[in-house]
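Q: Numbering (this note's numbering), first residue to last: 61 to 538.
For each residue, glycine too, the CB sits at the ideal point set by N, CA and C.
Predicted model, so just to flag it, every value in this text is computed and none were measured.
1. Across the segment 429–447 and the segment 488–495, are there enough close Cβ pairs to call them in contact, namely three or more that are closer than 8 angstroms?
2. Taking 8 angstroms as the cut-off, decide whether the C-beta atoms of residue 482 and residue 419 are in contact.
3. Tell me whether the beta-carbon of residue 363 lies closer than 8 angstroms to the beta-carbon of residue 370.
4. DSSP three-state call for residue 129: helix, strand or coil?
5. Please report the straight-line C-alpha distance between residue 374 and residue 416, rounded to a whole angstrom.
6. Using only CA atoms, which one of 139, 108, 111, 159 lies nearest to residue 127?
7. Taking the continuous beta strand (DSSP E) assigned at residue 348, which residues delimit it?
8. Secondary structure at residue 308, three-state DSSP: helix, strand or coil?
9. Could you have a look at residue 102 and say whether DSSP puts it in helix, strand or coil?
10. Quick one: using the 10 Å Cβ neighbour count with 16 as the cut-off for buried, is residue 470 buried or exposed?
11. Pick helix, strand or coil for residue 182, following the three-state DSSP scheme.
12. Once the 5 residues before and after residue 421 are set aside, which same chain residues still bring their CB inside 7 angstroms of it?
13. So, with DSSP's three-state summary, where would you put residue 468?
14. Could you tell me the alpha carbon to alpha carbon distance between residue 414 and residue 501, rounded to whole angstroms?
15. With distances taken Cα to Cα, identify the nearest neighbour of residue 304 among 130, 133, 265.
16. If I measure Cβ to Cβ from residue 376 and keep anything under 6 angstroms in the same chain, skipping five residues before and after, which residues do I get?
17. Whose C-alpha, out of 368, 192, 130, 276, is nearest the C-alpha of residue 164?
18. Count the other CB atoms, across all protein chains shown, that sit within 10 Å of the CB of residue 72; report buried if there are 16 or more and exposed otherwise.
19. Starting from the N-terminal side, write out each stretch of the beta strand (DSSP E) that is 3 residues or longer and does not extend beyond the segment 215–283.
20. Who does residue 290 pair with in a DSSP beta bridge?
21. Can you have a look at residue 480 and say buried or exposed, based on whether 16 or more other CB atoms are within 10 angstroms of its CB?
22. What did DSSP end up calling residue 463 once you bin it into helix, strand or coil?
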């Protein structure tokens, strides 16, 4: 469950009181892991997998309520009449920054300066990128004036002077985000709950990362990709998927000791206790599509230096608390790379009930070193999935689980918890017993409903904590 799905806040859930209440609920129910989606600042469609920074947190997750409690904001009556929630949040963050800038809170000034110094390796570029993007009316960086587009030193120096206040506000917002998230994570850790994050393999073209580090990506002189990411045609799509993310220049990255990746993982380990690598198979071989192609059909597989990268990360960080997202078209070579580093893979129970008793996602076939899910943010809710099945498959699911139809989705949740896999993850929608209208995302679509789902505390049935704590105790997961 992503923090945006929490109750409270304006327009989206945030790091306010409801986030701490969630940790209390998890503790009461016996859960010891909370998995989120990436926390970065998104583009207009709201996808956490297409962020404007691989390091920054979304300013829309900052709790205004906590800023009021700290004296950085005065209480108000909420948004003005007709003011959109996002505009309200940005206006209030501007007010908090002006209080901070005034020096009324000397401690926050010192902490912010210290934060900016520690995170200089990404924060300066991100803050200037955001200030310039705002000044350019939200246009992508390759459409900016050539001087700042191409990071000509004199142009960057002039931009820093012209947009000094906006740059400093962005630094302040990241300080506040990291502080609030850090306090929430500590609250969770002190109560036995670890926080599980997500690293998309690729980054968005319109991001501070690509703008500031063009040398690590395969781009033309104007900054546009020459080849892009995606996946080949398969059973689900005759033309494959063309994601459009710029491909890495892996040769240059490796020659540099993967420093960009090391820094990226460093900030994520500051935020999370363990991490999922989205599209892990791209570390063994990736589908490279010429940028001029409108579909993924004309792509080709290209080997990637995943083993060298993982060795480098292990050398720097000693341990790799990583989970490999190994869904989709997975080859023996991908499995060998995963297993060479002892990484758990993912097993999704909604994929289990086709192909007979040998299906690797069926509970009796699951390995110990895996993370089992009823479904993920890209799947329908379990109840919606169950009702979408043809009658014969529905009957097979019920026969396998040994339950009646009215036991779904709880029966599949129970099955995940009873499995031998070392970690089991349940979407919040399945704990609440919700149908298809509550799914988080429909891949390949850009509808207003994607990434907007939120729950209510009233939706939790009485006794939910007691019920799940009993199951978790029964299956040795507390």
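A: By the coordinates alone:
1. When Cβ pairs closer than 8 angstroms are counted between the two stretches, the segment 429–447 is seen to touch the segment 488–495, the count reaching three or more.
2. No, the pair does not count as a contact, with Cβ atoms beyond the cut-off.
3. Not closer than 8 angstroms, so no.
4. Secondary structure of residue 129 (DSSP, three-state): helix.
5. Taking the straight line from one Cα to the other gives about 39 angstroms.
6. Measuring from the Cα of residue 127, the nearest candidate turns out to be 159.
7. Boundaries of the beta strand (DSSP E) harbouring residue 348: 345–350, taken from the DSSP string.
8. Strand, per DSSP.
9. Residue 102: strand per DSSP, three-state reduction.
10. Per the 10 Å Cβ criterion, buried.
11. In the structure shown, residue 182 adopts helical secondary structure according to DSSP, grouped into three states.
12. Only residues of its own chain outside the window of five on either side were considered, and among them 407, 408, 409, 411, 412 have a CB closer than 7 angstroms to the CB of residue 421, listed in chain order.
13. Reduced to three states, the DSSP call for residue 468 is coil.
14. It is roughly 23 angstroms from the alpha-carbon of residue 414 to the alpha-carbon of residue 501.
15. Comparing C-alpha distances from residue 304 to each of 130, 133, 265 shows the shortest one belongs to 265.
16. Closer than 6 angstroms at the Cβ level, and outside the excluded window around residue 376, lie 322.
17. In terms of CA proximity to residue 164, 130 leads the group 368, 192, 130, 276.
18. Flag for residue 72 reads buried.
19. Listed in chain order, the complete beta strand (DSSP E) runs (minimum 3 residues) inside the segment 215–283 are 254–260.
20. Assignment of beta-bridge partners to residue 290 by DSSP yields 302, 347.
21. So residue 480 counts as exposed.
22. In the structure shown, residue 463 sits in coil (DSSP, three-state: anything other than H, G, I, E or B).
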